[in-house]
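Inspection log for the structure reproduced underneath, given as structure tokens.
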Amino acid sequence: MFSRILQMKNDVLGFCHLSFVVCFGIRGFRIIGMKRAHLRFYEELNDHLPEDKKKRSFVCSFAGELTVATVLKATGVPVSKVFGARTGHTPGIHQRVRHHCCFGAARRMRHHHNHIKLRVNADLLPKPIHSLAEADAELGIQLRVVPASTFVDTYRTMPESPEMMALADQYIRGAKKVVGATRQDVLNGARSYLVARKIMQQEDADGTSMDCLGVLGPTKMSLPCLAWSRMNDDGIPAACEADIGAVASHVLVQYLFDRPGFQVDPVAETSRKAITGAHCSCPTRLNGYDKPAEPYVLRHHHAGRDATADTVWRVGQPVTSIDVLCEQKKEPVRILISSGSVLENVAVPPAGGCVISVMVKFEGVDDVLAYPGFHQIFFYGNYRQQLLEFCRLNKIEPQVA
Numbered sequence: 003m004f005s006r007i008l009q010m011k012n013d014v015l016g017f018c019h020l021s022f023v024v025c026f027g028i029r030g031f032r033i034i035g036m037k038r039a040h041l042r043f044y045e046e047l048n049d050h051l052p053e054d055k056k057k058r059s060f061v062c063s064f065a066g067e068l069t070v071a072t073v074l075k076a077t078g079v080p081v082s083k084v085f086g087a088r089t090g091h092t093p094g095i096h097q098r099v100r101h102h103c104c105f106g107a108a109r110r111m112r113h114h115h116n117h118i119k120l121r122v123n124a125d126l127l128p129k130p131i132h133s134l135a136e137a138d139a140e141l142g143i144q145l146r147v148v149p150a151s152t153f154v155d156t157y158r159t160m161p162e163s164p165e166m167m168a169l170a171d172q173y174i175r176g177a178k179k180v181v182g183a184t185r186q187d188v189l190n191g192a193r194s195y196l197v198a199r200k201i202m203q204q205e206d207a208d209g210t211s212m213d214c215l216g217v218l219g220p221t222k223m224s225l226p227c228l229a230w231s232r233m234n235d236d237g238i239p240a241a242c243e244a245d246i247g248a249v250a251s252h253v254l255v256q257y258l259f260d261r262p263g264f265q266v267d268p269v270a271e272t273s274r275k276a277i278t279g280a281h282c283s284c285p286t287r288l289n290g291y292d293k294p295a296e297p298y299v300l301r302h303h304h305a306g307r308d309a310t311a312d313t314v315w316r317v318g319q320p321v322t323s324i325d326v327l328c329e330q331k332k333e334p335v336r337i338l339i340s341s342g343s344v345l346e347n348v349a350v351p352p353a354g355g356c357v358i359s360v361m362v363k364f365e366g367v368d369d370v371l372a373y374p375g376f377h378q379i380f381f382y383g384n385y386r387q388q389l390l391e392f393c394r395l396n397k398i399e400p401q402v403a
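Position one of the sequence shown corresponds to residue 3 (the working numbering), numbered consecutively onward.
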């Protein structure tokens with residue numbers, strides 16, 4: 003289920019290679035019963051399917067042992083196209099496999115590799131190191147780190163380009179309105195996006211995260227709020243504040259449900275028994291990668307600098323919240339799950355805090371002061387049941403809030 007993730011934390015820039023749950027190259031793998039599976043194949047795997055099953059969900063009936071190989075054989079897709087000739091075995095549904103065959107989805111950076119092992123320079127690892135080392139055991143995450151000066155130096159040396167200017171102009175033209183942010187602010191945000199993309203290509207990464215304020219706050223360089231919004235709109239997991247759990251949550255949302263999510267700081271709204279999720283970077287394609295973007299306003303984030311897209315959430319829209327808890331030492335991975343609907347978009351100002359604020363009423367949550375978790379991912383749709391099924395298949399403990 004996971005891929006290579008880029009992480010920037012404090013004074014280090016890190017990359018990781020993540021194991022995949024069940025199989026790589028198939029999305030939406032859900033067992034309906036012991037004899038049927040709900041499938042959707044992507045990219046070149048569709049070459050082996052009849053026209054009525056290409057690039058769409060369908061139900062496959064099968065017989066025999068519950069393994070990925072059994073299901074693949076029932077569809078006619080060669081097992082070697084998913085697991086490769088060197089794998090030597092075909093794992094069961096409940097097994098995690100380290101995979102070397104990646105598919106090239108257009109909206110994500112994918113490359114073909116053979117059992118890649120990424121180096122980790124321990125001298126550059128932030129402390130405490132256990133959260134990085136144990137992430138491999140729990141999530142299959144192997145971090146690769148390089149100095150954060152790589153981002154700083156690349157930003158400072160990258161000249162303005164036609165692509166950079168076109169991206170900035172695209173955001174300005176598409177905005178409902180622009181409040182405070184100048185064209186140069188938007189251009190700087192586009193530069194951060196291209197810098198992150200360049201580093202990811204160099205390091206063969208599939209996602210990114212950084213301690214934004216710690217690394218860039220003391221400088222005049224643009225914080226990556228707009229860049230991360232674009233990354234998530236492109237289907238590239240981009241998490242704020244070097245949060246490994248948020249990275250994993252982004253990956254799950256994007257790869258399971260084909261849409262980006264909004265990483266939030268939760269704030270209890272006691273008068274309405276609701277939770278306000280607030281942050282300074284939110285994607286716009288909340289309905290899905292192949293759907294129109296939601297309206298947005300270009301503005302400065304709450305520090306009064308740089309540009310970000312303040313996405314307008316649809317009032318009444320069903321939403322799900324997910325929070326992967328994976329950084330507690332000697333604790334198994336857990337996933338916090340909630341579902342509810344949007345009450346309102348909170349205006350900032352006059353309210354304080356991060357400029358993108360959406361208030362959600364979650365089902366069954368009355369004591370909002372006790373609402374668990376931090377840096378949850380809010381995303382469109384009620385997918386509580388699907389996430390519970392995912393946890394069951396992968397032997398992960400769910401916690402429904």
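Even glycine gets a Cβ: it sits at the ideal position worked out from N, Cα and C.
- Residue state for residue 181 is assigned as strand, using DSSP reduced to three classes.
- Per DSSP, residue 233 is one residue of the alpha helix (DSSP H) stretching across 227-235.
- Taken through DSSP and simplified to helix, strand or coil, residue 281 comes out as strand.
- Using a Cβ-Cβ distance cut-off of 8 Å, the region 178-189 and the region 292-309 are in contact, since at least three pairs of beta carbons, one from each stretch, lie closer than that value.
- When 305, 312, 308 are compared, the shortest CA-CA separation from residue 295 is found for 312.
- Within the same chain, 276, 277, 278, 279, 321, 323, 342, 343, 344, 345, 380 come within 8 Å of residue 362 by CB-CB distance, once the 5 residues on both sides are set aside.
- Excluding residues up to 5 positions away in sequence, 189, 192 lie with their Cβ nearer than 8 Å to the Cβ of residue 167 in the same chain.
- According to DSSP, residue 398 shares a beta bridge with no other residue.
- Under a 10 Å Cβ-count criterion, residue 237 is classified as buried, with 16 or more other Cβ atoms of the shown protein chains found around its own Cβ.
- Note: residue 270 is bridge-paired with 277 in the DSSP secondary-structure output.
- Around the beta-carbon of residue 245, 16 or more other beta-carbon atoms lie within 10 Å, marking it buried.
- Per the coordinates, the alpha-carbon of residue 198 lies some 23 Å from the alpha-carbon of residue 290.
- In this structure, the straight-line span from the alpha carbon of residue 259 to that of residue 308 is close to 30 Å.
- One alpha carbon belongs to residue 287, the other to residue 370, and they sit about 28 Å apart.
- Listed in chain order, the non-local C-beta contacts of residue 230 below 7 Å within the same chain comprise 240, 242, 283, local neighbours out to five positions each way being set aside.
- Here residue 298 is bridged, per DSSP, to 313.
- Spatial neighbours of residue 356 in its own chain (CB-CB distance under 8 Å, excluding positions within 5 residues in sequence) are listed in chain order as 267, 280, 281, 282, 303, 304, 350.
- Residue 211 has 241 as its beta-bridge partners, per DSSP.
- C-alpha of residue 195 to C-alpha of residue 336: approximately 31 Å in a straight line.
- For residue 327, the CB contacts under 8 Å within the same chain, skipping 5 residues up- and downstream, are 247, 333, 335, 336, 337, 338, 375 in chain order.
- Restricting attention to 179, 164, 226, 172, the CA atom closest to the CA of residue 154 is found in 226.
- Within 10 angstroms of the beta-carbon of residue 220 lie fewer than 16 other beta-carbons, which makes it exposed.
- With fewer than 16 other CB atoms across the displayed protein chains lying within 10 angstroms of its CB, residue 372 is exposed.
- When the Cα atoms are used, residue 43 and residue 310 turn out to be separated by approximately 34 Å.
- Sequence-distant Cβ neighbours of residue 385 in its own chain, meaning closer than 7 Å and more than five residues away, are 259, 322.
- Annotation for residue 285: 231, 234, 235, 262 place their beta carbon closer than 6 Å to its own, counting only its chain and skipping 5 residues before and after.
- Here the alpha carbon of residue 249 sits roughly 7 Å from the alpha carbon of residue 211.
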